[in-house]
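Presented below is the structure to which this report refers.
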Amino acid sequence: MPLSTSVGTGSVVHVRHTPVGHRFVYPIAFVRVPLSVWPTLSVPLLGVDRPNLFSLRRADHGARDGGDLAAWLSGVLRTHGLDAVADGEAVLQTFPRLLGYVFNPVSFWFCHDAQGQLRAVLAEVNNTFGERHTYVVAHPDHRPIASTDVFEVAKVFHVSPFFPVSGVYRFRFDLSQKRSAVSIDYFENGQPQLSTRLTGRLAPLGGRALAGWAMRFPFMTFGVMWRIHVQALKLWRKRVPFFRKPEPPLERISS
Numbered sequence: 688m689p690l691s692t693s694v695g696t697g698s699v700v701h702v703r704h705t706p707v708g709h710r711f712v713y714p715i716a717f718v719r720v721p722l723s724v725w726p727t728l729s730v731p732l733l734g735v736d737r738p739n740l741f742s743l744r745r746a747d748h749g750a751r752d753g754g755d756l757a758a759w760l761s762g763v764l765r766t767h768g769l770d771a772v773a774d775g776e777a778v779l780q781t782f783p784r785l786l787g788y789v790f791n792p793v794s795f796w797f798c799h800d801a802q803g804q805l806r807a808v809l810a811e812v813n814n815t816f817g818e819r820h821t822y823v824v825a826h827p828d829h830r831p832i833a834s835t836d837v838f839e840v841a842k843v844f845h846v847s848p849f850f851p852v853s854g855v856y857r858f859r860f861d862l863s864q865k866r867s868a869v870s871i872d873y874f875e876n877g878q879p880q881l882s883t884r885l886t887g888r889l890a891p892l893g894g895r896a897l898a899g900w901a902m903r904f905p906f907m908t909f910g911v912m913w914r915i916h917v918q919a920l921k922l923w924r925k926r927v928p929f930f931r932k933p934e935p936p937l938e939r940i941s942s
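Count along the sequence shown from 1, then add 687; that gives the number in this note's numbering.
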């Protein structure tokens with residue numbers, strides 16, 4: 688069945704393997720919201736395209752123009768030959784804005800078929816330079832995605848100045864109504880460079896859950912950017928090689 692509206696709390700783990708070891712773990716909280724409920728979503732403390740303690744904005748996703756996300760999503764799926772199979776619910780997993788601010792390193796669109804099976808995932812990646820790129824993840828034969836499946840896509844977008852824009856990402860998705868686990872492993876020349884895990888336990892999305900989140904993680908969305916720079920400073924002090932930022936790819940979507 689497709690994933691339901693929920694709030695998740697968990698952690699993100701980064702493990703760098705080379706040229707020096709480096710590891711950090713931070714708490715995270717996120718929401719999952721099916722695209723079909725956006726127009727009618729009514730949850731205390733959460734606004735859709737309007738101010739609230741937490742908010743979701745159409746302009747933060749898709750084409751970033753505030754336009755119809757369903758139309759954008761349909762166009763992406765059609766371009767990649769997935770519209771006939773990913774014809775069911777699309778569910779966004781993301782950090783919402785807190786007091787109007789958010790930086791989302793990555794958000795995910797989980798795209799299901801009419802029977803509720805996961806068929807494709809769109810990973811929306813943002814960097815600290817205000818650039819964005821979307822990776823489309825699916826089987827070549829478009830069969831349903833299982834929790835044990837591993838998907839490889841070429842890295843074409845600059846994220847960290849401590850890695851080049853080369854190599855591949857390997858994605859894995861283990862999703863349920865009660866749990867989310869996403870793995871993103873970065874390889875270059877067949878060797879592991881970085882392992883990332885985003886995990887969380889899920890609860891129904893409601894005002895009480897959001898209030899609890901705000902009390903437990905009052906500065907989480909503000910802290911994302913701060914933590915990125917703190918970790919960058921630590922890598923610089925470890926003398927990890929620095930790579931200049933290239934121009935972003937001409938195409939903002941790849942697979």
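C-beta atoms are modelled at their ideal positions from N, C-alpha and C, and glycine is treated no differently.
- Classified as buried, L690 has 16 or more neighbouring CB atoms from the shown chains inside 10 Å of its CB.
- Residues T781 and E811 of the same chain have their beta carbon placed closer than 6 Å to that of S794, with the five preceding and five following residues left out of the count.
- Exclusion of the five residues before and after R859 leaves V837 and S870 as the residues of its chain whose Cβ lies within less than 6 Å of its Cβ.
- Look at P738 here: in three-state DSSP terms it is coil, with no helix or strand label.
- Proximity to V702 across L881, L920, G893 and R895 peaks at L881, based on C-alpha coordinates.
- The continuous alpha helix (DSSP H) containing F909 extends over residues M907 to R924.
- For I832, no pairing in a beta bridge is given by DSSP.
- Counting C-beta pairs with one atom in each stretch, the stretch 836 to 856 and the stretch 865 to 879 have three or more that are closer than 8 Å, which means they touch.
- Cβ contact annotation for W725 (same chain, cutoff 6 Å, sequence separation greater than five): V735, in chain order.
- Spanning the alpha carbons of T727 and L756 requires a straight line of approximately 15 Å.
- Annotated three-state conformation of T766 is helix, per DSSP.
- Counting only residues of its own chain and dropping the five nearest sequence neighbours on each side, T886 has a CB closer than 7 Å to the CB of G697, S698, S867 and A868.
- Across the structure, L785 and E839 are spaced so that their CA atoms are roughly 33 Å apart.
- Nearest Cα to V763 within the set S723, F790, P783 and H820: H820.
- Straight through space, the alpha carbons of G749 and L760 are spaced by roughly 7 Å.
- In the structure shown, P726 falls within a helical segment according to DSSP collapsed to helix, strand and coil.
- With a 10 Å radius around the Cβ and a threshold of 16 neighbouring Cβ atoms, T908 comes out buried.
- About 5 Å separates the beta carbons of G775 and A801, which is inside the 8 Å limit, making them a contact pair.
- Between the alpha carbons of H845 and F929 lies a distance of about 12 Å.
- Look at G894 here: in three-state DSSP terms it is helix.
- The Cβ-Cβ distance between R719 and S693 falls below 7 Å.
- Of the candidates P714, W923 and L733, L733 places its Cα closest to the Cα of G893.
- The straight-line gap separating the alpha-carbon atoms of R903 and R745 is approximately 26 Å.
- Bridge pairing for R806: absent [DSSP].
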